[in-house]
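Report on one structure; see the data block that follows.
Residue numbers (this note's numbering): 297 to 469.
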């Protein structure tokens with residue numbers, strides 16, 4: 297029996313001697329992963345969706361084109377060209393290209409631009425104005441080809457709420 301207890305004691309000492317002391321702190325600094333300042337962000341990385349959209353707004357009563365502009369968004373780069381920007385309306389909508397690309401990132405806006413008006417949507421028959429916006433292009437790999445008008449309550453809501461900052465104020469309210 298004494299021999300067995302000696303073996304158990306010796307084995308215990310061996311295990312303790314070979315084990316690591318988990319209470320001792322490491323003297324090495326932890327490795328942190330920090331991006332190099334020279335590293336380029338991934339293409340398309342940033343807050344904006346990837347897309348190029350053309351907007352043409354026409355007043356159907358006069359036939360006059362009231363605005364024509366193009367918006368390009370690529371991750372962290374926003375470009376607006378043409379003859380209109382939200383700042384033109386004194387509507388307080390922010391800086392043109394940046395705010396417009398951020399607006400394009402909104403799910404409701406993307407759904408409306410890509411999917412169009414829901415087929416079963418019921419709308420009030422209330423007239424808003426003679427303005428029509430034809431919007432074409434591509435957004436996050438999806439084709440955009442839709443029209444916004446203000447000939448009923450749904451169109452007015454889309455223009456005034458969903459597309460706020462992307463479309464100009466109506467010309468003849």
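Note that the Cβ used here is the ideal one computed from N, Cα and C, for glycine as well.
Give me, in chain order, the residues of the same chain whose beta-carbon lies closer than 6 Å to that of residue i; leave out the 5 immediate sequence neighbours on both sides.
i, result
"residue 430", "352, 443"
"residue 367", "349, 376, 396"
"residue 372", "342"
Can you give me the C-alpha to C-alpha distance between residue i and residue j, rounded to a whole angstrom?
i, j, result
"residue 436", "residue 424", "31 Å"
"residue 422", "residue 457", "16 Å"
"residue 400", "residue 364", "17 Å"
"residue 461", "residue 467", "15 Å"
"residue 465", "residue 451", "13 Å"
Nearest to residue i by CA position, among the options, is which residue?
i, options, result
"residue 359", "374, 406, 427, 463", "427"
"residue 370", "462, 460, 397, 403", "397"
"residue 446", "346, 342, 355", "355"
"residue 347", "448, 449, 440", "440"
"residue 413", "455, 361, 362", "455"
Can you name, in chain order, every residue of its own chain whose Cβ lies under 7 Å from the Cβ of residue i, other than the five neighbours on each side?
i, result
"residue 407", "none"
"residue 453", "none"
"residue 419", "448, 449, 450"
According to DSSP, which residues form a beta bridge with residue i?
i, result
"residue 365", "351, 378"
"residue 434", "348, 439"
Quick one: what's got a C-beta closer than 8 Å to residue i's C-beta in the same chain, skipping five residues either side?
i, result
"residue 394", "374"
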